[in-house]
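Colleague:
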Amino acid sequence: MGFCCRAASSGLGACQAKYNLEDPRQLAAFLKYADIRLVRTKYLYELRSQSKLLPRRQEADEWGLVSHEEVSEWAAGTRDAMMISISHAWETREHPDPCGDQLSRLVDCLSLYEAAYYSEIWVFYDYVSLFQFERRTSAEEESFRRSMSHMHVLYAHDCNWTFRLEALTPDDVWDAALQNSEHLVMVYDVESGSVQGRPLGELVPNRVHYRGRGWCKAEVEWSSCRSRSDQNQCIDAGQSKRGVESAKARAARVSRAPLQGKVPMAPEVFEEDMKNAAFTHRDDAAEVQKLQWEIFHQKVSECEEALLANLPKGEVSQLARALKHYEKLKVLRLRNIEVGDEEGEEFAQALGLNRTITELKLKIIESSGAQCGALWNEPMTDMEILIKKSYQRGPALANALKANESITTVNLEGDVMGAEGCEALADALTINRTIANIGLAYNYFEDEGCKAIAGALKTNRSIARIDLNWNRIGPRGSQALADALMVNRAITSINLRSNNIGDEGCEALADALKTNTTIRSINLEMNGIGAQGGKAVAEALKSNDSIANIQLERNSIEEELRKEIEEALKIRRAATHSTESERDRVDATKIYAWTGKVRIKGLASQLKTNSSITTLNLRIGNIAGEDWEAVAGALKINRGITAVDLVGSYIGDEGWKALANALRVNRIITSIFVDRSVVGDESCKELAEALKTNTAITSIGLGHTHIGPQGGKALADALMVNRTITSINLRSNNIGAEGCKALADALKINHTIESINVGENGVSELELASFPYSVRRRLEGLTPGPWLLSPLCLQPCLWLLHSAAALSCLPAATSTPPQQRN
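With numbering that gives the first Met the number 0, the residue at position 144 of the sequence shown is 143, and numbering never jumps.
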């Protein structure tokens with residue numbers, strides 16, 4: 000908001016009317032009551048294309064403004080629209096964007112949103128949406144007064160979004176406009192009583208940064224009070240130029256979105272923060288603080304479901320202090336958060352005292368080694384810190400679960416928990432009697448972690464659904480689970496997708512199903528199960544008449560046997576109607592105030608000409624094959640995107656062919672991440688062929704993508720030719736010694752590669768002992784061999800051998816070895 004669009008006596012507290020901040024009809028009513036007009040994106044596009052600046056509301060073209068009737072249709076659910084309030088700085092007293100830089104950044108962003116969604120997009124931008132100085136009629140003045148008295152509605156309502164333009168116009172652009180005598184800013188001239196063009200140098204500048212302005216601070220905090228933090232976004236982050244960075248640093252930066260999320264700030268903290276904020280009218284400060292107190296308690300005390308995402312360190316501590324104010328909170332989802340050990344304990348203590356939350360979901364980002372090494376002297380993730388603290392030092396997450404008597408759902412999905420974390424969690428689950436649903440997907444805690452969880456399931460009587468997919472539990476972990484299922488009578492659904500259990504593990508689980516009568520659904524997809532395991536399942540179904548759903552897709556079971564199993568299950572489903580599976584569940588967090596229906600083809604079309612976007616993130620689950628072809632077509636032409644993030648996406652064979660073809664011609668993309676996607680050998684071969692001619696890509700993420708020996712060999716062949724790739728992540732695949740040796744052979748002649756992570760591929764250093772150390776050191780994650788030593792390790796051993804030989808020639812009395820030199 001600007002510092003001059005409001006009069007000195009703006010009347011913030013003049014009107015006592017209150018608006019519900021969740022009901023779309025109330026938002027529409029306020030816009031009509033205050034005669035606030037939203038702006039169509041097409042109008043903004045036209046202004047930029049004609050090199051025009053934003054006009055005042057009084058001069059704005061009528062066709063470019065959304066009517067109150069249209070807003071009413073949206074509120075009634077008969078029109079699909081996304082409503083966005085723009086928070087920005089006024090860069091001069093007379094005009095907020097005198098160089099058109101804000102308009103340009105805004106159009107770059109909005110054009111992508113409009114292309115990606117079927118919804119219309121309507122924008123609130125104060126200079127165009129509100130009547131500006133000078134307001135000549137009583138109706139205009141009344142409209143402005145009503146708008147200012149309830150301005151928070153536009154930034155705190157759950158049915159609209161806030162886009163923040165935090166960057167000021169770059170100095171070079173500003174200076175160029177100052178020197179350009181033809182650059183005139185259309186502003187209201189008091190003397191003539193009309194709008195006239197004036198040089199930028201004649202206007203009163205305000206170059207105070209965004210975060211130092213009182214009204215901007217207020218808008219940030221109002222927007223943070225929504226139940227979904229991702230509806231409050233800075234859309235021009237990362238505008239500053241970066242220096243030269245290594246491939247690893249670039250990969251680390253690109254692989255995760257910047258953490259800019261915020262939780263609501265308690266009013267007393269906000270009051271302290273506002274002391275140094277800049278206001279054009281200092282009297283506004285007290286009213287803003289009073290309004291913040293009212294908004295905070297109105298929103299927070301009534302909130303029943305909250306999704307807080309992309310939180311940097313410090314925000315979880317802020318949430319811990321605010322949690323007591325969430326008097327009705329039932330569902331709390333914290334997604335992609337960074338948390339230190341102290342604030343982790345602080346949050347856990349607050350959670351232990353909470354008696355309203357019934358569903359908790361935590362997804363912690365993977366920390367850098369430098370951040371966590373100081374705490375534990377080893378690389379680890381923040382979630383491990385939380386859980387280990389609970390296990391070793393007292394009150395953190397696991398202890399919170401012991402004490403909490405209201406939480407029924409816990410989701411700890413993410414690559415963040417080791418075997419020790421499982422032990423802490425299992426300890427809590429032996430005590431907790433309220434958790435009914437628990438998600439532990441993508442934790443990779445392997446058989447040892449699974450054994451700990453299985454031990455808890457032997458006594459736990461509350462957990463009904465458990466998600467263990469992508470944890471590499473193997474046959475031994477499956478055996479531990481089978482032992483637990485022999486006695487457990489509470490679990491009804493278990494997801495074991497992609498765990499490498501094989502025939503041996505499948506047989507153990509099948510034996511358990513012969514006696515277990517409570518399980519209704521089990522997911523065994525992508526587990527390397529063959530004929531032997533399939534026969535065991537078919538045999539179990541002869542004695543088990545309670546299970547109705549077994550998912551066995553993407554295994555090696557013969558078609559005839561698989562059909563036999565499916566026919567048996569169809570009969571049961573028809574009788575019991577028990578068809579629920581994990582992937583059929585509707586995530587409540589996907590329900591928005593607008594439909595949010597995505598159109599990938601529209602986005603792809605926009606990307607063909609938009610060069611301002613540098614990172615493309617499509618972590619969207621299922622995208623149709625023809626949509627991937629559209630994306631690939633855009634990447635062939637786009638000249639701005641340098642990083643592509645497809646982590647967790649289902650791409651399919653046709654999609655991979657299209658993407659590989661795009662990479663053959665694209666010379667801009669330097670990083671591509673497809674970890675946790677189903678790639679497999681055939682698609683990997685397509686990618687490898689593209690890499691033989693691609694000369695731009697330096698970093699590739701292929702971890703947990705089901706690549707086998709043939710895929711590893713194909714990549715090795717590509718590396719014989721490619722001389723630009725510096726790092727590849729192949730962790731947690733099945734390339735084995737055969738594929739790993741092929742990669743090692745490639746590294747003999749390829750000296751560009753800095754590292755290939757081949758951890759958790761069933762290969763030890765001993766199996767590569769014949770390769771030079773200069774090759775082995777670049778293959779990260781190998782299991783250490785008992786007799787394989789690096790040259791650095793051999794040095795003291797050689798000294799000992801030489802010393803022993805020398806000592807054998809000396810008298811016993813003088814057999815003290817000399818001091819070792821460094």
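For glycine and all other residues, C-beta sits at the position ideal for the given N, C-alpha and C.
Which runs of the alpha helix (DSSP H), 4 residues or longer, sit entirely within the segment 33 to 106?
Modeller: As far as the segment 33 to 106 is concerned, its whole alpha helix (DSSP H) runs of at least 4 residues are 40 to 48, 67 to 74.
Colleague: Can you look up E764 in the DSSP assignment and give me helix, strand or coil?
Modeller: Correct three-state label for E764: helix.
Colleague: Would V203 be called buried (16 or more neighbouring beta carbons within 10 Å of its own) or exposed?
Modeller: That one is exposed.
Colleague: According to the neighbour-count rule (16 or more other Cβ atoms, all chains shown, within 10 Å of its Cβ), is L426 buried or exposed?
Modeller: A quick correction: the sequence has Asp, not Leu, at residue 426. Result: buried.
Colleague: Within its chain, find whatever has a CB closer than 6 Å to the CB of L469; leave out the 5 residues flanking it on each side and keep chain order.
Modeller: Reading off the sequence, residue 469 comes out as Trp, not Leu. Around W469: A440, Y441, S497.
Colleague: Which residue marks the beginning of the alpha helix (DSSP H) containing S180, and which one marks its end?
Modeller: Here S180 belongs to no alpha helix (DSSP H), and DSSP marks it neither H nor E.
Colleague: Name the residue from F130, C158, L428 whose alpha carbon lies nearest to the alpha carbon of W121.
Modeller: For the residues F130, C158, L428, the minimum Cα distance to W121 belongs to C158.
Colleague: Does the Cβ of L615 have 16 or more other Cβ atoms within 10 Å, making it buried, or fewer, making it exposed?
Modeller: With 16 or more Cβ atoms within 10 Å of its Cβ, L615 is classed as buried.
Colleague: Does the beta-carbon of S316 have 16 or more other beta-carbons within 10 angstroms, so that it is buried, or is it exposed?
Modeller: So S316 counts as buried.
Colleague: Is the segment 160 to 174 touching the segment 91 to 100 in the sense that three or more CB pairs, one from each, lie closer than 8 Å?
Modeller: A contact exists between the segment 91 to 100 and the segment 160 to 174.
Colleague: Just to confirm the assignment, what range does the beta strand (DSSP E) spanning D22 have?
Modeller: Unbroken run through D22: none, as it is neither H nor E.
Colleague: V630: beta carbon under 6 Å from a heavy atom of the ligand MN?
Modeller: By its list of ligands, the structure shown contains no ligand whatsoever, and the ligand MN lies outside what it can speak to.
Colleague: Answer yes if the segment 320 to 328 comes into contact with the segment 347 to 366, meaning at least three C-beta pairs across the two stretches below 8 Å, and no otherwise.
Modeller: Yes, they touch.
Colleague: Going by beta-carbon coordinates alone, are A453 and T491 separated by less than 7 Å?
Modeller: Not in contact: A453 and T491 (Cβ atoms no closer than 7 Å).
Colleague: Using a Cβ-Cβ cut-off of 6 Å (strictly less than) and excluding sequence neighbours within five positions of P708, which residues of its own chain qualify?
Modeller: Excluding residues within five positions, the ones whose Cβ falls inside 6 Å are I734, G735, E737, G738.
Colleague: Run through the segment 129 to 153 for me and flag every whole alpha helix (DSSP H) of 4 or more residues, listed as ranges in chain order.
Modeller: Fully enclosed alpha helix (DSSP H) runs of 4 or longer: 137 to 148.
Colleague: So what's K312 in DSSP terms, helix, strand or just coil?
Modeller: If DSSP states are grouped into helix, strand and coil, K312 belongs with coil.
Colleague: In terms of residues, what are the limits of the alpha helix (DSSP H) holding K261?
Modeller: Counting along the chain, K261 falls outside any alpha helix (DSSP H), and DSSP gives it neither H nor E.
Colleague: Which residue's Cα is closest to the Cα of G501: E524, N487, A511?
Modeller: Checked all of E524, N487, A511; the closest Cα to G501 is E524.
Colleague: Within its chain, find whatever has a CB closer than 8 Å to the CB of R618; leave out the 5 residues flanking it on each side and keep chain order.
Modeller: Around R618: D644, L645, V646, G647, S648.
Colleague: Does F770 come out as helix, strand or coil in the three-state DSSP assignment?
Modeller: DSSP places F770 in coil when its eight states are reduced to three.
Colleague: For P169, report the span of its alpha helix (DSSP H) as first-last.
Modeller: No alpha helix (DSSP H) holds P169; DSSP gives it neither H nor E.
Colleague: Is it right to say E326 is buried, meaning 16 or more other beta carbons lie within 10 angstroms of its own, or is it exposed?
Modeller: E326 is exposed by the Cβ-count criterion.
Colleague: Among S773, R666, T91, whose alpha-carbon lies nearest the alpha-carbon of K724?
Modeller: The sequence given here places Ile at residue 724; Lys does not occur at that position. When only C-alpha atoms are compared, the closest one is R666.
Colleague: Which same chain residues end up closer than 6 Å to L484 when comparing Cβ atoms and leaving out the 5 residues on each side of it in sequence?
Modeller: If we look at L484 and ignore the five residues flanking it on each side, its Cβ neighbours are A511, N515.
Colleague: Please identify the residue among S71, Y187, A27 whose C-alpha is closest to the C-alpha of V152.
Modeller: Minimum Cα distance to V152 is reached at A27.
Colleague: What's the C-alpha gap between S223 and R104?
Modeller: So the alpha carbons of these two residues sit roughly 22 Å apart.
Colleague: Mapping DSSP to helix, strand and coil, what is L307?
Modeller: DSSP places L307 in strand when its eight states are reduced to three.
Colleague: Near A74, which residues of its chain fall below 6 Å by C-beta distance, leaving aside the five closest residues on each side in sequence?
Modeller: For A74, where only same-chain residues beyond five positions count, the Cβ hits under 6 Å are P23, R24, A27.
Colleague: Can you list, in chain order, the residues of its chain with a C-beta nearer than 7 Å to that of N499? Leave out the 5 residues immediately preceding and following it.
Modeller: Excluding sequence neighbours, N499 sits near R471, G473, N526, G527.
Colleague: Tell me, which residues are paired with A642 by DSSP?
Modeller: The partner list for A642 (beta bridge, DSSP) reads T614, S670.
Colleague: Do I434 and S405 have their beta-carbon atoms positioned less than 7 Å apart in this structure?
Modeller: Cβ distance not < 7 Å, so S405 and I434 don't count as in contact.
Colleague: For G654, which residues of its own chain have a beta-carbon under 6 Å away from its beta-carbon, when the five flanking residues on both sides are left out?
Modeller: Hits under 6 Å: G624, W627.
Colleague: Please state whether the Cβ-Cβ distance between L778 and I755 is less than 7 Å.
Modeller: A contact, by the Cβ cut-off of 7 Å.
Colleague: My guess is that L306 and N609 are in contact by the Cβ rule of under 8 Å, so how many angstroms apart are they, rounded?
Modeller: Rounded, the Cβ-Cβ distance is 28 Å, inconsistent with contact.
Colleague: Less than 7 Å between the beta carbons of S731 and E759, yes or no?
Modeller: Yes, the pair counts as a contact, with Cβ atoms nearer than the cut-off.
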